[in-house]
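At position 369 of the sequence shown (counting the first as 1) the number is 458 in this note's numbering, and the numbers step up by one without a gap.
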Amino acid sequence: MKRKIFRSMCLIASLTFILTSLLIFFVLYGEFYNSMRDEVRKEAIYVAEAINGSGESYLSSIKDTTLSRITLIAADGTVLYESDADASKMENHLTRPEIASALKNGTGESTRLSNTIGKQTFYYAIRLDNGNVIRLANTTSSVLSVFMRCIPYFLIIILFMLVLIIYFSRWRTKNIVAPINLIDLKEPLSTETYEELSPLLLKLSKQNTQIDNQIDELKNQKTELDSIAESMNEGLIILGNNGIVLLANNSALKIFNAKPDIVIGKHVFNINRSMAFRTITERVLKCEPAEALLTLNRHYYQLMATPIEKNSNVTGAVILILDVTERSEAEQRRREFTANVSHELKTPLTAILGYAEIIKDGIAKPEDYPRFAEHIYAEATRLIALVKDIINLSKLDEGDLDTVRETVDLFELSNKVIDTLKPFADSKGISLLISGEHAFITGVRQILYEIIFNLCDNAIKYNTIDGTVKITVSKEAKGILLKVKDTGIGIPIEHQSRVFERFYRVDKSHSKETGGTGLGLSIVKHGVLYHNAKIKLQSEPGNGTVFEILFPN
Ligand code: ADP
90 MKRKIFRSMC LIASLTFILT SLLIFFVLYG EFYNSMRDEV RKEAIYVAEA
140 INGSGESYLS SIKDTTLSRI TLIAADGTVL YESDADASKM ENHLTRPEIA
190 SALKNGTGES TRLSNTIGKQ TFYYAIRLDN GNVIRLANTT SSVLSVFMRC
240 IPYFLIIILF MLVLIIYFSR WRTKNIVAPI NLIDLKEPLS TETYEELSPL
290 LLKLSKQNTQ IDNQIDELKN QKTELDSIAE SMNEGLIILG NNGIVLLANN
340 SALKIFNAKP DIVIGKHVFN INRSMAFRTI TERVLKCEPA EALLTLNRHY
390 YQLMATPIEK NSNVTGAVIL ILDVTERSEA EQRRREFTAN VSHELKTPLT
440 AILGYAEIIK DGIAKPEDYP RFAEHIYAEA TRLIALVKDI INLSKLDEGD
490 LDTVRETVDL FELSNKVIDT LKPFADSKGI SLLISGEHAF ITGVRQILYE
540 IIFNLCDNAI KYNTIDGTVK ITVSKEAKGI LLKVKDTGIG IPIEHQSRVF
590 ERFYRVDKSH SKETGGTGLG LSIVKHGVLY HNAKIKLQSE PGNGTVFEIL
640 FPN
C-alpha cells in the first residue's frame, strides 16, 4: 500500500510538473510570437508613413538601425529594395500572399516556415501612396526548435523536481500510512486515526467482539468435552475424516500405552495396527458403524466406532473402547463351570445308573444288594452335596442372597460347626478343638457358617488318623481373626494358589473318596470376598495346613 501511494504520488506530481511546464512553454511562446508580430506591424506602419512623407531614400537611412528585414516591391511584383539581399536577384513577389493582399486591400500579412533554417517568418506588407508595397519581416524560431533548445534545461529541472518529488512523496506517504500502522487491531476504537476509517474500525471492533465470543464459546465447549472425556473410564478417540486423531482421552492412551504427542494430530494407525482396530477404522471412515473385540495385554476390549456425518459426508468418527475383560472372563468361567458341573454330575449319576441297572436286570446276587445300595447311597449323597455346593456358589456368584446382614458371634458359630462335624471327626479319630473369645462381626450368618464348615470339613477330610483340628477366634488390632489349623497331609506349594479354583483338587481320588466336590474352597473364597475379608493359606506337606481369615474392623 505504501509503495502504491508513493508511486501514485510520484506519477501525479511528475505529470503535473510536465504538463504545467509544457503549458507555460506554449503560452509564453504564443505571447512572445504575438508581441513579435505586433512589433513588425507597428514598425511597418511607421516605415510606410516615413516613406510616404520623405521618399524611398528613407530606407537606406534606417538600414542599420532596424532588426526587421525590409523589402520594397513595385506594383508589378518586382523587388526594388531588399535590406538583407541583392534585390536585383530576387524573383517576382506578386504571388506572395501578403503582397497580393496589400496590393488589393492596402495591408497583408502572412506567416511561413522556412524549411531550410527551421525558422518561422512573419511578413507584414502595406501599400504605399505611390502604389509600391513596403514589406517588413521578422523571424522567430519554430515551436519545435525552441522546445528542442529548452530540453537540457527541462531535463535539469525535471531531475531536480524528481528528487524533490521522490523525497516529498516518501515523506508524505510515511505520514499518511503512520496513523494506519498505529491502529491497534485488538482495540481498533481506542486509536485516533483518519475520520474516514471510522466505519472500518467500527466493523473491525464488532468483528473482534464476535470472534472473541465465538472463541470463548469454543473454548468452553472444548473444556467441557475435555473434562467429559477425561472423566470417562472408557477410552475415547475422535478422528477427523482423514483418520487423523483429534482427541484421545487418558483412558484410551493408557489402554494403548501411548503418549499424547505421538497420537494427537497423527494418523490413528499410530495408536494400534491390529486387524480389529484397522477394520473398524476403515469401515467407520466409509460411514459404516462398526464393532469389534480387541485382545490387548491379556485384556479384552470392545471397540465401537460411530461415524460423524454432515450432509451424508463423513466428517469424522468416534471410537469408544470398553474394557470387557471381566465380562469376558466371567463368561469364560461360566462356560468352564457349566462344562465341569456337567462332568461332575455325570460321574455319580453314571455310577448310580450302573448299580440300578445290575439290580434291575437281576444280574446281581441278593447278597450283593446291601453293598450296591450302599454305593448308590454314597453316590447320591455326593450328588446332593455337589448340587448343594453348586447352588451355594451360584448364589454367591449372582449375589442372589436373600439373607440379611446381622451381628454374628464367630466363636459361637464355630462351636456350632464343631457340634455338627463332631461325629464325622470322631469317626476318623480326629480331635476338634476351639480356643479364643467371643468376637462379633456384621455379616451373613449362613455364608459365615459355610466358610467355617468347609474349612473344618477339609481339615478333617485331609487329616491323618488321630490328628487334630484347632479353631481359634481372636480379636486383633486390624480386625477379627479366624484360624483353622490342622495336622493333616498339607498342600504342596505349587497347588496352594489353585486350591480356591472351582473343581480343583490336589489329589482327585482322595477328594472323591472323602466325598469332596472340589467346590468347598471356592465357596470359602467367595464368602470371604463377600465380607471384604482376606484369606491366607499356610501349608507344608506332612505338617498340616493353616487357613487364616481376617475380618477387617
Ligand atoms: P474338596 O471338595 O475336594 O475338598 P475343596 O475346594 O474344599 O474341594 O478343596 C480343594 C482341594 O484342596 C482339595 O481337593 C484338597 O486337595 C485341598 N485341600 C483343601 N483343604 C485342605 C486341607 N486342610 N489339607 C490338605 N489339603 C486340602
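Backbone N, C-alpha and C fix where the C-beta goes; we use that ideal spot for every residue, glycine too.
Here MET393 is bridged, per DSSP, to GLU380, LEU409.
Of the other Cβ atoms in all chains shown, 16 or more fall within 10 Å of the Cβ of ASP546; this residue is therefore buried.
Measuring C-alpha to C-alpha distances from VAL506 to each of GLY518, GLU495, ARG534 identifies ARG534 as the nearest. Boundaries around THR105 are those of the alpha helix (DSSP H), 91-143, since no beta strand (DSSP E) includes it. Nearest C-alpha to HIS584 among LEU293, THR634, THR561, LEU117: THR634. By the criterion of a C-beta distance shorter than 8 Å, GLU377 is surrounded in its chain by PRO396, once the five residues flanking it on both sides are discounted. Beta-bridge analysis with DSSP links SER598 to no other residue. Closer than 7 Å to some heavy atom of the ligand ADP: that does not describe the Cβ of SER598.
By the neighbour-count definition (other C-beta atoms within 10 Å, threshold 16), HIS599 is an exposed residue.
A straight line joining the alpha-carbon of GLU128 with that of PHE243 spans about 29 Å. DSSP links PHE529 through a beta bridge to ASP498. Counting C-beta pairs with one atom in each stretch, the region 250-264 and the region 111-121 have fewer than three that are closer than 8 Å, which means they do not touch. Under DSSP, PHE211 takes part in a beta bridge, and its partners are THR200, ASN227.
For THR606, the closest of PHE426, ILE519, LYS567, ASP575 by C-alpha to C-alpha distance is PHE426.
Minimum Cα-Cα distance from ASN221 among the listed residues PHE236, ALA137, ALA453 corresponds to ALA137. Here the alpha carbons of LYS91 and LEU290 stand approximately 19 Å from one another.
In this structure, GLY451 has its CB at a distance of at least 7 Å from all heavy atoms of the ligand ADP. Following the DSSP letters along the chain, one finds VAL493 in no beta strand (DSSP E), marked with neither H nor E. Annotation: TYR458 to GLU446 spans about 12 Å, alpha carbon to alpha carbon. Of the heavy atoms belonging to the ligand ADP, at least one sits nearer than 7 Å to the Cβ of VAL588. The region 548-560 makes no contact with the region 620-629, as fewer than three CB pairs between them are under 8 Å. Bounds of the beta strand (DSSP E) holding TYR170 are 168-171. With at least 16 other beta carbons inside 10 angstroms of its own, LYS572 counts as buried. By the 16-neighbour rule on beta-carbons within 10 angstroms, HIS182 is buried. A check of alpha carbon separations from LYS484 across ILE612, ILE246, THR109, MET98 identifies ILE612 as the nearest. Short of 8 Å from the beta carbon of ILE448, and not among the five residues preceding or following it, lie these beta carbons of its own chain, in chain order: TYR458, PHE461. With a threshold of 7 Å, the Cβ atom of GLY616 does not count as near the ligand ADP, since no heavy atom of the ligand is closer than that.
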